[in-house]
Structures are given as C-alpha cells and as structure tokens.
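Novice: Protein chains in written order, with the numbering used here: chain D, 1 to 320; chain C, 1001 to 1134; chain G, 2001 to 2320. By construction, the Cβ of each residue, glycine as well, lies at the ideal position given by its N, Cα and C atoms. Nothing here was measured: the structure is a model prediction, and the numbers come from that model.
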Amino acid sequence: MIGKLVNGIIHGETRSIARAISWIENDVPQKEELIDALFEHTGRAQVIGITGPPGSGKSSLLDRIIEQERKRDKKIAVLAIDPSSPFTGGAILGDRLRMQKHTVDAGVFIRSMASRGHLGGVAGATSDSVKVLDAAGFDLIVIETIGVGQTEIEVMNIADLVMLVLVPGLGDEIQALKAGVMEIGDIFVVNKADKEEANRLKAEIEYVLHLKSEDEKGVKSPIFMTSATENTGIEELVNGLHEYMQRMGENGTLRERRRRRVTLELKKIITAKIEAHVHKFLETGNNLDVWIDQILRKKTSPYKLINEKVIQILKELKEK
Amino acid sequence: MSRKIRILISKPGLDGHDRGAKYIARALKDAGYEVIYMGIRQSPEAIVKTAIQEDVDFVGLSLLSGAHNELFPEVVRLLREQGANDVIVFGGGVIPQEDISFLKEQGIEAIFTPGTPIQKVIEFIETNKERVLH
Amino acid sequence: MGKKSLIEQQKAKWEGTTLKKVLERFPEQKESFSTSSWLPVERLYLPRQMSEEEYLEHIGFPGEYPFTRGVQPTMYRGRFWTMRQYAGFGTAEESNQRYKYLLSQGQTGLSVAFDLPTQIGYDSDDPRSVGEVGKVGVAIDSLEDMEILFRGIPLDKVSTSMTINAPAAVLLAFYIAVAQKQGVAKEQLRGTIQNDILKEYIARGTYIFPPKPSLRLITNIFEYCSKEIPRWNTISISGYHIREAGSTAVQEVAFTLADGIEYVKAAIKVGLDVDQFAGRLSFFFNAHNDLFEEIAKFRAARRIWAKIMKEKFQAKKRSP
Ligand code: B12
Ligand SMILES: Nc1nc2c(ncn2[C@@H]2O[C@H](COP(=O)(O)OP(=O)(O)O)[C@@H](O)[C@H]2O)c(=O)[nH]1
Ligand SMILES: [Mg+2]
C-alpha cells in the first residue's frame, strides 16, 4: 500500500498526493514510513508562506500569483489553512473559493486544511504535507496561514520565505503587529493598493522596518504595492519574490533557514516521541494514581519520586 | 489527532440559489465536520477535481434550477471515472419527488428537499461514514 | 419633559391593574417579541407625540417630497398598478403562447423570465448550459428567438418588464429591433430592464463581467435610453433578492440604496446630468410577512431616497 502511494506521489498523481495528506492529517500509523520513503525525493521545491490579517487578500493575491507562475510554466501547490472551531471541531474551508479559475489546471494543486486545534497559524499536518508536495514535483509550494496575531508565526519555521500581506484601513493594527509579526516577514505586500490610504501604510511599514535591525545578511525587505482585484503590481511582486529567494540562496540565508528547520523538526519529533511514551507509561497500571497517593500520604516527595521514575522510563525506552 | 469527516458542498450548473447550500455548509460545520465550500456555478469537472484534491469523504450537491437530472449523475460518473469510488454523493434542493428514484439509481445516495431538518442530513452522514473510513 | 400626558397616565394605570392581573395568571409565551428582522415588538403602541412641524417635515402628503406616504397623490384610487405575472419557459414559441394567454386574461403588462444560460450569456448549445436550457425561463439565443417571443404582441400597447442584468444591453437591443420590425417607433416603448448588476454579486448570482466594466455598460444604457427611449425604466435597483438571500428589512433597504447611490455616482462621473436619468431609476423591494414592518420599510425607503437625491445629488426634477 505504501509503495503504491509513494509511487503515485512521485509521479505527481493527484489522488495519491491527496490521500497522503489525509494520512498525515489523520496521523495514521503508516505516516512515518510514508514520510521516510518520500524523503529522498524532497528538497527541490521552494516553499513560501503567505500570512497577514484575515481579509487582507491573501487568497485573492495567491490566485493572481498562481496566474503569473503558470505563465512561467511552474507547477504550484497551495496549502490553505483555516481555523477549526474549538467547540465542535468543525470547520468551513473557503480559501479556494478565491482561486477557482485554477481548479481544472493540472499544474495546480490546492488543498484546504483545518487547523484541528493546532496553534501557530498553520495545521499540525502542514510541514509534513509540504514534503509530500515537494516529492510530487511541485516547483513552488505556498502555505496560506489562518491569519496573524502575536502567536501565529509558525509558518516561518516551515517556509523558505515569508510574505506578509497588510492592507490599509486596519488603523492602529500595524502598531500591534509591529511587535511580533512584522519580524517574520521577508517580503511585505501592501494589498488593496486601489484604496486611498495605501501609500500611507507603505510609509508606515518603511518606518517600522527602519526600526527593525537589518537582516543577518544585510538584505533589505522589499515592499510591494498590489491590488489583487485590479490585478496590478502582481508581476513586480512575483519577480521580486524570486529575486529575493535567489539572494537568500546566494548569501547563505536559505541554507541557514533550512538547517534551522531541520533542527526544529528533529527536536519536535524527539519531544513528541518521548512525550507519547511518557503518557503511555503514566497510563499503564494506574502508575499516576499510585504516585499521587504516595505523595499525598507523604511517603515520598515529588522530585525524588520523579527522578527515580525517569530512569525507569528511559530504561524501558531503550529496551524497546 | 482523530479522523475527521471531510465534506465538499457545491452547486453544479448555473443556478445561483445559494442560501440552502450555505445553510447546509454552516450547519455541517457546527456538527463537527470539515466542510469545503465551493459556491455557485461550478462545472461537474471542477467539482470532481476539487473533491479529489481535497480527498473528501462526501460530496453534497445543491440545485434549485431543475438541472439535477443532468448534472448530479455527471458528477458521480466523473468521480468513478477518476477512480474515486469511495466518495459518497448526496444532494438537495428543489427536486421533484418523481426524479428521486432516478437520481438514486445514478448513484446519488440521498436527496433532501425543502424543509428538511438538518438532523436528517447529519443522520445520513453518521450512518454512512463507516464506509469511507480508510 | 413636563408632566405625563393623559394617555401615559392611563397607560400606567392599565399596566398596574388590567395588565398585571392577566400577566399573573397567564404569563406571556416569550420574554420578548421581535419581527423577523429582529426589531423588538412592544406589547402596546400608542399615538406618538409629534409636533405639526415634525409631521410636515417627515411625513407630509402623498405625491410630495419626501414621498413618505406614496409617490402618487391618489395612488391606486386613480390608476391600478401594472399587472403582470413573471413568466417564461422552454422555447420562444411556448412562452409566446403563454404571454398571449396571460394578456387575454386581463394582464396589463408582460414580465419575461429568461433561462439561466440567457441570463449568463451562454448559447443554448454551450457545454455549460447542459440541463439548464429553457428550465427556469425562456431560452433566447438570437434576434430571431426574440421576434418569435413577441410575435403578435403589439409592443406599442404593452409594457414589458425583463428580468435581465449582465446582458441587459443585448436583450434591450433585441427588443428595440423587434419593435422596429413591427413598425413601432422606439420612443413609444415602455417597460423595465432589471439591469442591476451590484445585487447580482451580493445575492442573485447571474454576473458575467467584473463590477467596473459592468457599471460602464449600465451608465451607457442610462445615457442611451434617456435620449432614445425616454419612457423606459433603465434599471430596477433591487432589494428583493438581497432579502430573499437572508437579509433583514433594514439591511434590504440599506444595501439597495447604497447600490442606487453607486449607480448615480457612476453616471454623474461619466458626465450625465442627474435630472436627465434619475427619474427613470426604479426600485424593487420585497414584501415579507410583518405587515407593519414592511409598511414602515417602504415609507422609509422612499423618504431616504428622496433625501439622497435632493441633498446629495442636487436633483431638481421629480420623476414622471
Ligand atoms: C430565495 C429564492 C430566490 C433568491 C435566492 C437568493 C440566494 N442567494 O439564495 C432569489 C430572489 C435571488 C431567487 C432568484 C431566482 N429564482 Co428563486 N427561489 C427562492 C425560493 C423562494 C426559496 C429558496 C430558498 O432559499 N429556500 C431556503 C433554503 C434554506 O432552502 P433550500 O435551498 O430549499 O435548501 C433546503 C433543502 O432543499 C435542502 N438542500 C438544498 N441544497 C442542499 C444540498 C445538500 C448537500 C443537502 C444535504 C441538502 C440541501 O436542505 C435545505 C435545508 O432544508 C424558491 C422557492 C422555494 N420555496 O423553494 C425559489 C425558486 C427556487 N426560484 C426559482 C426561480 C425560477 C428563480 C430564478 C431562476 C428566476 C429567473 N428566471 O430569473 C431567479 C434566478 C436565480 C439564479 N441566479 O439562479 C424557482 C425554480 C423553479 C424550478 N426549479 O423549476 C423556485 C422554485 C420558485 C418557483 N416555484 O418558481 N430565488
Ligand atoms: N479593494 C480590494 N479588495 C480586495 C483586494 N484583494 C482582496 N480583496 C477583497 O478582500 C476580501 C478578502 O479577501 P481574501 O482573499 O479572502 O482575504 P484573506 O482572508 O486574507 O485570504 C475579499 O472580499 C476580496 O475580494 C484588493 O486588492 N483590493
Ligand atoms: Mg484566505
């Protein structure tokens, strides 16, 4: 089964790609084997994150970017993330509504993803799904985040480059954004430039960027003015995006980012594995209940008890 | 993470009545499903491509313009042609009683007409979801 | 505020006695009551205190500014409204039969329902028309179809309303051509085209072109008609569809008048004189079930529009 799926993915078959992403989203047991099998086929794609406040035009802009990239004959995949309801777990996924003219284009793959409780502006399945799309031969993979606040910045750990979309008329929002989110943007886009206050926003961003310490390699973040609805400024944006990416490649930023990404990924996997094991250990034979009683009856103290148990857990893990 | 049921809601053809489709999409979200909403004026081909990319378990079609006998079966046909045999297709809208058996023969498994309480739709999904759990 | 009016005093008494007794024995079914537009409904309404000046300013007389009580001084005591049933089905021949039948039964005008391919600009044999041809209206693909549709119906005698929006210019041109073939001068033509594209995006769905070029088509029609067919209503600015799509009564009026303002602005922007076209702008509102709310809505809509035209656009001429 996995062999067939892997084969389908590397031949770019839509159904296999789509099913693999579902496996990742549903965290099926075969997931790890699948990702490992795809590993040798990954590393070619460019991964771009597109983030910004809800309603800033991320999806509309993406629709135009796809148009440009298709003119250049690039194969492009999109992962569009929307929030799951914290109450019901349900979600309405509507980003692709804005990219409909690309639905029947075989060179475009769009997948909507619910956050399923994952914090950080993307879904828990996003980074592994990027690997599937990479192995499937897409030249460009774009991740559209839920939107941004102070904490929705995980996309910077997944993408090679992050494009931050802002719009006029958000009032003091930019002030609030200044702290967290402005720092994750490599490229800035003032969308809805057809609106009056767009130039003022650009000036504001320039000011904020001026305060921000320059990029490690002294690369200045460009600001683009676009209107997704009027289709203006898009070609400049796409050109600028590729130029920026190229520079990141030349000055080593890209290599560093990818290294950082692997570091974080490995840390995440190891933490998750050990955590899962700990949970299992706690649940077997009412371990936790027994300990709690011991503590309540003052038979032992918390640190002493746990230090002994950690040794036991590690030993078990080693034997496995 | 647990297995989530994913449902595509769309309107094939040229019909613009989207109140019912939006209501269904919203209600299914509130019932805990992941709903991909495609909106009006979709071709069967686009619906099927989307269903496959999104790897949905169910495709819900809505039509109030009378084109259901042509368009609903076409969606089923294209899905099967693309090898998506496990996707369950259902639908609703202004659909005369006498067309329902024909649509069922064509593989549209349930039709919900005006006045249907949402609970009936949820029941349909709950009783059929076992078949799509992969 | 001075002391309570007599009615208010009596009301307080009523509340303390008659009402109180009944409420104690039979509490009301709900804590609060509202219309379907969520406007609260009080238990009891009493004559409203209003000065004569206020009355004259806000209410006035029928047929006079601000038209709160109606656009005609005698309303339907004088002339009835035009009676027409929305009709159209299958081919032009079948619909022509229907129109003749309806006219023979005393209908005083025609109201044409077109099928969806016609409304969206597709031919009947276009692949996108599959299943929709002749279903929810008549299929018109050519001037010949239009000639058949009105065969034997004297266009100088009937007034025709056509629910057509994106391709309104084409269908109106057909109508004029059919009239000319019948030997009817275009100046004699009476009727309405819906021609309201903004609400198509909001609620109805039969748009073809983006908003800007669509608005240009509309203002071109305003200009043409004001010169060539002066008795034609060039647009029917519609709240009906917005309400049917789920809005409240208040939203219905608000969105519709906002659309109306956009059309007037667009026409003025291309150099038309407001008094040249504004008299032929017509409106189409819904009549839902809360009788008093609906009466209030129609009155408010008329008054607000009258004020907008006079104060915002300096219109001077009143509608014919
Ligand atoms: C509201 C309405 C409109 C609104 C639509 C607004 C909007 N954005 O949705 C407006 C005013 C714009 C409109 C316009 C037209 N309309 Co209309 N409209 C209606 C009306 C009165 C109610 C429909 C509605 O919204 N009901 C409320 C919703 C919640 O219910 P529902 O859609 O039926 O959905 C329920 C079920 O059917 C089911 N369901 C529906 N879809 C799905 C999908 C799934 C997956 C599931 C599980 C269930 C399900 O569950 C829902 C909940 O119970 C109906 C008559 C009627 N009583 O049905 C006519 C009606 C549908 N319209 C009709 C017509 C002809 C038109 C026009 C085409 C006329 C014309 N020639 O121009 C236009 C053009 C519209 C277009 N672009 O396609 C006809 C269709 C005739 C036919 N099929 O043979 C009808 C039946 C009226 C009639 N008796 O003639 N309309
Ligand atoms: N005026 C204007 N509106 C835009 C522009 N881009 C997007 N919009 C509108 O903004 C709204 C939100 O767009 P969307 O792409 O869904 O934003 P997202 O939530 O960031 O993905 C939609 O109504 C778009 O039509 C633009 O450049 N100019
Ligand atoms: Mg979006």
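Could you name the residues of the same chain whose beta carbon sits closer than 6 Å to that of Ser-2142 (chain G), not counting the 5 residues immediately before and after it, in chain order?
Specialist: Cβ within range, chain order: n/a, list empty.
Novice: Comparing alpha-carbon positions, which option in G:Ala-2315, G:Arg-2303, G:Lys-2317, G:Phe-2292 lies nearest Pro-2062 (chain G)?
Specialist: Of G:Ala-2315, G:Arg-2303, G:Lys-2317, G:Phe-2292, the residue nearest in Cα terms is G:Arg-2303.
Novice: Does the beta carbon of Ser-1010 (chain C) come closer than 7 Å to any beta carbon on chain G?
Specialist: It does not: the Cβ of Ser-1010 (chain C) has no partner Cβ on chain G nearer than 7 Å.
Novice: Cβ of Asp-95 (chain D) versus every heavy atom of ligand 3: is any distance shorter than 6 Å?
Specialist: Asp-95 (chain D) Cβ: within cutoff of ligand 3.
Novice: Relative to ligand 3, is the shortest distance from any of its heavy atoms to the C-beta of Ser-59 (chain D) smaller than 6 Å?
Specialist: Within the cutoff, so yes.
Novice: Out of G:Met-2050, G:Ser-2161, G:Leu-2149, which has the shortest C-alpha to C-alpha gap to Tyr-2086 (chain G)?
Specialist: Ranking the options by Cα distance to Tyr-2086 (chain G), first place goes to G:Ser-2161.
Novice: Is Gln-2182 (chain G) closer than 7 Å to Leu-2155 (chain G) when the C-beta atoms are compared?
Specialist: A contact, by the Cβ cut-off of 7 Å.
Novice: Residues in the same chain with beta-carbon distance under 8 Å from Asp-82 (chain D), minus the five sequence neighbours each way, listed in chain order, please.
Specialist: Closer than 8 Å at the Cβ level, and outside the excluded window around Asp-82 (chain D), lie Ala-91, Ile-92, Leu-93, Gly-94, Asp-95, Ser-112, Met-113, Ala-114, Ser-115, Ile-146.
Novice: Any beta carbon from chain G within less than 7 Å of Gly-1013 (chain C)'s own beta carbon?
Specialist: So, interface residue.
Novice: Is the region 2199-2216 of chain G touching the region 2169-2180 of chain G in the sense that three or more CB pairs, one from each, lie closer than 8 Å?
Specialist: No, the region 2169-2180 of chain G does not touch the region 2199-2216 of chain G.
Novice: Excluding the 5 residues flanking Arg-2190 (chain G) on each side, which residues of the same chain have their C-beta closer than 6 Å to its C-beta?
Specialist: Closer than 6 Å at Cβ, skipping near neighbours: Ser-2159, Arg-2231.
Novice: Assign Ser-2036 (chain G) to one of two classes, buried (16 or more other C-beta atoms within 10 Å of its C-beta) or exposed (fewer than that).
Specialist: Exposed, by the Cβ-count rule.
Novice: Can you check whether the CB of Gly-2152 (chain G) is closer than 7 Å to the CB of Ala-1996 (chain G)?
Specialist: This structure gives no information on residue 1996 (chain G), because the portion of chain G shown stretches from 2001 to 2320.
Novice: Near Arg-1077 (chain C), what residues of its chain come up, given a Cβ to Cβ distance below 7 Å and the 5 sequence neighbours on each side ignored?
Specialist: Contacts found: none.
Novice: I think Leu-237 (chain D) touches Ser-56 (chain D), with their Cβ atoms under 8 Å apart; what is that distance to the nearest whole Å?
Specialist: So it is not a contact: roughly 14 Å between Cβ atoms.
Novice: Flag this pair as touching only if the region 1056-1073 of chain C and the region 1008-1016 of chain C have three or more C-beta atom pairs under 8 Å; answer yes or no.
Specialist: The region 1056-1073 of chain C is in contact with the region 1008-1016 of chain C.
Novice: Compute the beta-carbon to beta-carbon distance between Gly-249 (chain D) and Gly-137 (chain D), rounded to the nearest angstrom, for a pair I have assumed lies under 8 Å.
Specialist: Incorrect: roughly 20 Å between the Cβ atoms, too far for contact.
Novice: For a quick check, are the C-beta atoms of Ile-184 (chain D) and Ile-205 (chain D) less than 7 Å apart?
Specialist: Taking 7 Å as the Cβ cut-off, Ile-184 (chain D) and Ile-205 (chain D) do not qualify as a contacting pair.
Novice: Below 8 Å on C-beta distance, what does Ala-1046 (chain C) contact in chain G?
Specialist: By Cβ distance, chain G contributes nothing, its closest Cβ being about 11 Å from Ala-1046 (chain C), past 8 Å.
Novice: Applying the criterion that 16 or more other CB atoms from any shown protein chain within 10 Å of the CB defines a buried residue, is Ser-2129 (chain G) buried or exposed?
Specialist: Answer is buried; the Cβ neighbour count reaches 16.
Novice: Quick check on DSSP: helix, strand or coil for Met-163 (chain D)?
Specialist: Reduced to three states, the DSSP call for Met-163 (chain D) is strand.
Novice: Report all residues from its chain with a CB closer than 8 Å to the CB of Gly-2078 (chain G); omit the five preceding and five following residues, and keep chain order.
Specialist: Counting only Cβ-Cβ distances below 8 Å, and skipping sequence neighbours, we find Gln-2072.
Novice: For Lys-309 (chain D) and Arg-259 (chain D), what's the separation of their Cα atoms in angstroms?
Specialist: Their Cα atoms are separated by approximately 34 Å.
Novice: Is the region 279-297 of chain D touching the region 1089-1101 of chain C in the sense that three or more CB pairs, one from each, lie closer than 8 Å?
Specialist: No contact exists between the region 1089-1101 of chain C and the region 279-297 of chain D.
Novice: Looking at the unbroken alpha helix (DSSP H) that takes in Thr-1113 (chain C), where does it start and where does it end?
Specialist: Element bounds for Thr-1113 (chain C): n/a, residue is neither H nor E.
Novice: Let me know the secondary structure DSSP gives Trp-23 (chain D) once reduced to three states.
Specialist: Trp-23 (chain D) falls in the helix class under three-state DSSP.
Novice: Please confirm whether Gln-1053 (chain C) has its beta-carbon closer than 7 Å to some beta-carbon of chain D.
Specialist: For Gln-1053 (chain C), the answer is yes, since a Cβ of chain D falls inside 7 Å of its Cβ.
Novice: Taking only beta-carbon positions, decide if Thr-2248 (chain G) is within less than 7 Å of chain C.
Specialist: Chain C contact via Cβ: absent.
Novice: Hey, is Ala-114 (chain D)'s beta-carbon within less than 7 Å of any beta-carbon in chain C?
Specialist: Interface residue, yes.
Novice: Below 8 Å on the Cβ atoms is my contact criterion, and I expect Asp-139 (chain D) with Ala-45 (chain D) to pass it. Report the Cβ-Cβ distance as a whole number of Å.
Specialist: Indeed they touch by this definition, with Cβ atoms about 6 Å apart.
Novice: Can you grab the Cα-Cα spacing for the pair Thr-1113 (chain C) / Gly-1020 (chain C), in whole Å?
Specialist: Each residue's alpha carbon lies about 10 Å from the other.
Novice: When the Cα of Glu-196 (chain D) is compared with those of D:Asp-73, D:Val-6, D:Ser-227, D:Met-182, which residue comes out closest?
Specialist: Out of D:Asp-73, D:Val-6, D:Ser-227, D:Met-182, D:Ser-227 has the C-alpha closest to the C-alpha of Glu-196 (chain D).
Novice: Give the C-beta separation of Lys-1004 (chain C) and Ile-1040 (chain C) to the nearest angstrom, bearing in mind that I take them to be a contact with Cβ-Cβ under 8 Å.
Specialist: That pair is no contact at about 26 Å.
Novice: Select from G:Gly-2106, G:Ala-2092, G:Ile-2221 the residue whose C-alpha is nearest the C-alpha of Arg-2084 (chain G).
Specialist: Checking every option, the nearest Cα to that of Arg-2084 (chain G) belongs to G:Gly-2106.
Novice: When every heavy atom of ligand 4 is checked, does at least one fall within less than 6 Å of the C-beta of Ser-112 (chain D)?
Specialist: By its list of ligands, the structure shown excludes ligand 4, since it contains just ligand 1, ligand 2 and ligand 3.
Novice: Does Arg-1019 (chain C) have its Cβ less than 7 Å from a Cβ in chain G?
Specialist: Interface residue, yes.
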